[in-house]
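To start, the structure under review is shown below, and the notes come after it.
Numbering (the working numbering), first residue to last: 43 to 367.
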């Protein structure tokens, strides 16, 4: 049985991917320090508790489990937090990735799937392709870009192969509600909008309403986490087939503004969201929308679950289930 070693597998995208990997016949090993992951979301393989920057524990785990490929999700991933705490982001995201690459080299693991981000691109008005210039405007995006460069340098020097997946805004939850988004540290926009619809005493903040977009609020490309998990599975198969290193965007190709998102949450939930406008946040591009044509052409990947209504329906159902845990 093929083994995939999943860093950050107790987190949001990681846990959905573990489910997809296991259902496709992979043996799953999760490596997570549980600082932002959740033990009860590890249901599709064994859990090894460890930190990426603990090189000896990491090497021992790789040596013991002998994976064919590593799927690397473990990272801190909040743009606002990265603006406040860049030191933490470089330590976790850059030093952690370097530690992983070194441990893979020492244990002869030659294949890596890396969760990167549209945050590497910065500000662009047009559809973003893999060839669009990367000019990150926040430390989170910068750490992901450095991670990409390290991976490509290791590929060139040591003969490893990688698939780098730059995904846009992960959203939604598993249709069977086996896992979902539980970001208690720094909730993102959809969970916050859902909280606004559930809790009449909560005010949903929209950061900026004069950003030059169609209604003045930030526009993002929301892609269902189940579709992201499918793309990661296809990336594993790509590497398993001996194919070359690649970079792919993962997005639905459609932008939704924050105001439109809040309207959709109200429509689907039947709740009413109290809203307020605040100044734009530093580090937030006005618009980020993907072209994922390359992933469709080479991986055969096309989002099947990423309509904004389906994203919100599944996120709403998960939030209702998870709030009573």
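Just so you know, even glycine gets a beta-carbon here, dropped at the ideal spot from N, CA and C.
Going by beta carbons, residue 225 and residue 54 fall inside the 8 Å limit. Taking a cut-off of 8 Å for Cβ pairs, the region 108-123 and the region 155-163 touch, as three or more such pairs fall below it.
DSSP places residue 310 within a helical segment (H, G or I) once states are collapsed to three.
Of all C-beta pairs linking the region 158-176 to the region 329-336, three or more are shorter than 8 Å, placing the two stretches in contact.
Between residue 213 and residue 264 a beta carbon distance of about 4 Å is seen, short of the 8 Å cut, so the two are scored as contacting. Contact annotation: the region 255-274 touches the region 343-350, with at least three C-beta pairs closer than 8 Å. Our two residues, residue 139 and residue 96, have alpha carbons roughly 12 Å apart in a direct line. Per DSSP, the continuous alpha helix (DSSP H) segment holding residue 186 begins and ends at 181-200. The beta carbon of residue 251 is closer than 6 Å to those of 258, 259 and 319 in its chain, skipping five residues each way along the sequence. Scanning 201, 338, 85 and 190 for the CA closest to the CA of residue 65 turns up 85.
The Cβ-Cβ distance between residue 135 and residue 117 falls below 8 Å.
Residue 307 places its beta carbon 8 Å or farther from that of residue 359. Cβ neighbours of residue 59 within its own chain (closer than 8 Å, five residues either side excluded): 48, 51, 113, 115, 270, 271, 274 and 275. Looking at 339, 343, 297 and 43, the one whose alpha-carbon comes closest to that of residue 107 is 43. With fewer than 16 other Cβ atoms inside 10 Å of its own Cβ, residue 245 counts as exposed. The residue from 241, 286, 329 and 222 with its alpha-carbon nearest to that of residue 364 is 222. Residue environment: residue 190 is assigned as buried (16 or more neighbouring CB atoms within 10 Å of its CB, all protein chains considered). Annotation: residue 268 to residue 57 spans about 10 Å, alpha carbon to alpha carbon. No Cβ-Cβ contact shorter than 8 Å links residue 204 with residue 255. Sequence-distant partners of residue 137 (beyond 5 residues in either direction) whose C-beta falls short of 7 Å from its own C-beta, in its chain, are 95. Residue 74 and residue 103 have their C-alpha atoms roughly 11 Å apart. Residue range 69-74 is occupied by the beta strand (DSSP E) that includes residue 74. Comparing alpha carbon positions, the residue from 142, 323, 70 and 303 closest to residue 120 is 323.
Sequence-distant partners of residue 341 (beyond 5 residues in either direction) whose C-beta falls short of 6 Å from its own C-beta, in its chain, are 276. Taking 8 Å as the cut-off, the beta carbon of residue 278 is found no closer than this to the beta carbon of residue 72.
In this chain, residue 166 is not harboured by any alpha helix (DSSP H), its DSSP state being neither H nor E. In this structure, residue 248 sits away from residue 161, with a CB-CB distance that is not shorter than 8 Å.
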